[in-house]
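Peer 1: Got a structure for you, questions after.
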Amino acid sequence: MVAGTPGLVACISGRGELLRARAAGERLALLAAGLDGDPVSLLTRGQDLEAFRHYPAGDAYDLASHAQFYYHSHRDGEFGHIHLFQRPRGMSRGLRPAVAAGEADAPCHLIAVGFGVRGEAVELFTTNRWVTGEAWYRAEAVKAMVAGLRLAPSGPMAPVAEWLAALVAFYRPLIEVLVDERDRAVEAWRQAHPGRDELNDERLEITSSRVIDPAADLAGLVS
35 MVAGTPGLVA CISGRGELLR ARAAGERLAL LAAGLDGDPV SLLTRGQDLE AFRHYPAGDA
95 YDLASHAQFY YHSHRDGEFG HIHLFQRPRG MSRGLRPAVA AGEADAPCHL IAVGFGVRGE
155 AVELFTTNRW VTGEAWYRAE AVKAMVAGLR LAPSGPMAPV AEWLAALVAF YRPLIEVLVD
215 ERDRAVEAWR QAHPGRDELN DERLEITSSR VIDPAADLAG LVS
């Protein structure tokens with residue numbers, strides 16, 4: 035974590051939010067302990083990793099909520115990350131993109147989860163629009179989607195989906211801060227690079243990030 039940037043504990047305000055986060059963290063710990071392997075191994079199902087290939091093939095998609103995720107890595111030696119999205123058909127009425135994509139069903143990217151060498155979650159980060167080709171929603175709309183996330187696809191990816199939903203619920207206060215920081219980073223880039231399309235400028239890729247440790251972060255809430 036960059037010095038001076040708030041972690042989960044610093045993002046929580048009020049006893050109600052603290053109790054909610056603590057309960058979410060305890061549920062996350064139970065789900066993680068109950069997984070038959072780490073999330074990465076379950077998503078890749080023992081296959082050799084290919085750069086940029088999505089795992090599972092065709093992505094994990096919840097037909098009820100229209101949330102979607104996949105795992106991939108960009109290069110050899112990287113431990114990879116999950117990208118989590120919300121499709122429009124599962125959004126609350128009235129949410130509209132600030133910048134639409136080419137297709138009406140283009141998703142909104144909610145958060146990315148980075149993994150370590152043992153398949154453990156070690157980072158949360160947001161990305162610029164060009165990275166995933168998403169429809170671009172302002173921070174307030176993204177935070178509303180995060181708060182209302184439902185993720186329960188059927189099939190073999192269901193345990194990982196349940197774990198991922200619990201991770202998002204636990205870190206929701208931090209994710210909200212990261213989404214706000216994303217918008218500020220993009221605006222700062224626009225001001226510093228006049229005449230360029232800041233959302234499609236490949237020099238700006240990661241727009242905010244934090245190192246995470248679910249067990250330590252939960253301990254920080256109960257100590």
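For the sequence shown, the residue numbers in our numbering are 35 to 257. Every residue gets a Cβ at the ideal spot worked out from N, C-alpha and C, and that includes glycine. Just so you know, these numbers come straight off a predicted model, no measurement behind them.
1. Just grab the DSSP bridge partners of Y95 for me.
2. Could you tell me the alpha carbon to alpha carbon distance between T39 and A226, rounded to whole angstroms?
3. Quick one: residues in its chain with C-beta nearer than 8 Å to the C-beta of R184, no 5 flanking neighbours on either side, listed in chain order?
4. What does the alpha-carbon distance come out to for the pair L83 and F113?
5. Hey, V213 and A173 are a contact pair by Cβ (cut 8 Å); roughly how many whole angstroms apart?
6. Roughly how far, in whole angstroms, is the beta-carbon of F103 from the beta-carbon of F86, given that I think they are within contact range, below 8 Å?
7. Which of the three DSSP states, helix, strand or coil, is assigned to G148?
8. Short of 7 Å in beta carbon distance, which residues of its chain neighbour R56, apart from the five on each side in sequence? Order them along the chain.
9. Using DSSP bridges, identify the partner residues of W170.
10. Rounded to a whole number of angstroms, what is the C-alpha to C-alpha distance between V202 and E232?
11. Between which two residues does the beta strand (DSSP E) containing G86 stretch?
12. Identify the residues that DSSP records as bridge partners of I46: which are they?
13. My output table needs one value for G254: the three-state DSSP class, helix, strand or coil.
14. Under 8 Å Cβ to Cβ from V43, same chain only, skipping five residues before and after it: list those, please.
15. Could you check what DSSP says for Q225 in three-state terms: helix, strand or coil?
16. What does a CB cutoff of less than 6 Å around L129 pick up in its chain, not counting 5 residues either side in sequence?
17. In the structure shown, what three-state DSSP assignment does A140 receive?
18. Run the CB neighbour count on N162, radius 10 Å, all protein chains shown included, and call it buried at 16 or more, exposed below.
19. Are the CB atoms of P207 and I46 within a distance shorter than 8 Å?
20. According to DSSP, is F113 helix, strand or coil?
21. By the three-class DSSP mapping on this structure, what secondary structure does E157 have?
22. Quick one: what's got a C-beta closer than 7 Å to I240's C-beta in the same chain, skipping five residues either side?
Peer 2: Judging by the given coordinates:
1. As a working mapping, residue 95 is identified with position 61 in the sequence shown. DSSP, once it has assigned bridges, lists Q102 as partnering Y95.
2. For this step, residue 39 is matched to residue 5 along the sequence shown. For this step, residue 226 is matched to residue 192 along the sequence shown. Between T39 and A226, the C-alpha separation is close to 22 Å.
3. Within the sequence shown, the letter at position 150 stands for residue 184. The answer, listed in chain order, is D96, A98, S99, A101, G124, A199.
4. Residue numbering aside, residue 83 sits at position 49 when the sequence shown is read from its first letter. Residue numbering aside, residue 113 sits at position 79 when the sequence shown is read from its first letter. Computed Cα separation, rounded: 10 Å.
5. Numbered from its first residue, the sequence shown carries residue 213 at position 179. Numbered from its first residue, the sequence shown carries residue 173 at position 139. Indeed, because the Cβ distance is near 5 Å, the residues count as touching under 8 Å.
6. On the sequence shown, residue 103 is found 69 positions in, with the first residue counted as 1. On the sequence shown, residue 86 is found 52 positions in, with the first residue counted as 1. Actually they are not in contact, since the Cβ atoms of F103 and F86 sit about 16 Å apart, beyond 8 Å.
7. By 1-based counting over the sequence shown, the position of residue 148 is 114. Residue state, collapsed to three classes: strand.
8. Translated into positions along the sequence shown, residue 56 becomes position 22. Within the same chain, R56 has close Cβ partners L255, V256.
9. The residue you call residue 170 lines up with position 136 of the sequence shown. V133, per the DSSP bridge assignment.
10. Within the sequence shown, numbered from 1, the residue matching residue 202 stands at position 168. Within the sequence shown, numbered from 1, the residue matching residue 232 stands at position 198. Each residue's alpha carbon lies about 27 Å from the other.
11. Within the sequence shown, residue 86 is the residue found at index 52, counting from 1. The displayed chain sequence assigns Phe, not Gly, to residue 86. Taken as a continuous stretch (DSSP letters only), F86 belongs to no beta strand (DSSP E), as it is neither H nor E.
12. Residue mapping note: residue 46 aligns to position 12 of the sequence shown, counting from 1. None; I46 has no bridge partner.
13. As a working note, residue 254 is residue 220 in the sequence shown. Here G254 sits in helix by DSSP.
14. Position 9 of the sequence shown, counted from the first residue, corresponds to residue 43. Same-chain partners within the cutoff: D251, G254, L255.
15. To locate residue 225, count along the sequence shown from 1; it is residue 191. Three-state result, Q225: helix.
16. Counting from 1 along the sequence shown, the entry for residue 129 is found at position 95. Only A175 meet the Cβ criterion.
17. Position 106 of the sequence shown, counted from the first residue, corresponds to residue 140. Note: A140 maps to coil in three-state DSSP.
18. Along the sequence shown, read from residue 1 onward, the residue named residue 162 stands at position 128. With 16 or more Cβ atoms within 10 Å of its Cβ, N162 is classed as buried.
19. Here residue 46 corresponds to residue number 12 of the sequence shown, with the count starting at 1. Here residue 207 corresponds to residue number 173 of the sequence shown, with the count starting at 1. In this structure, P207 lies closer than 8 Å to I46 by Cβ.
20. The residue labelled residue 113 in the question sits at position 79 within the sequence shown. F113: coil per DSSP, three-state reduction.
21. Residue numbering aside, residue 157 sits at position 123 when the sequence shown is read from its first letter. Strand.
22. Your numbering for residue 240 matches position 206 in the sequence shown. Hits under 7 Å: F159, T161.
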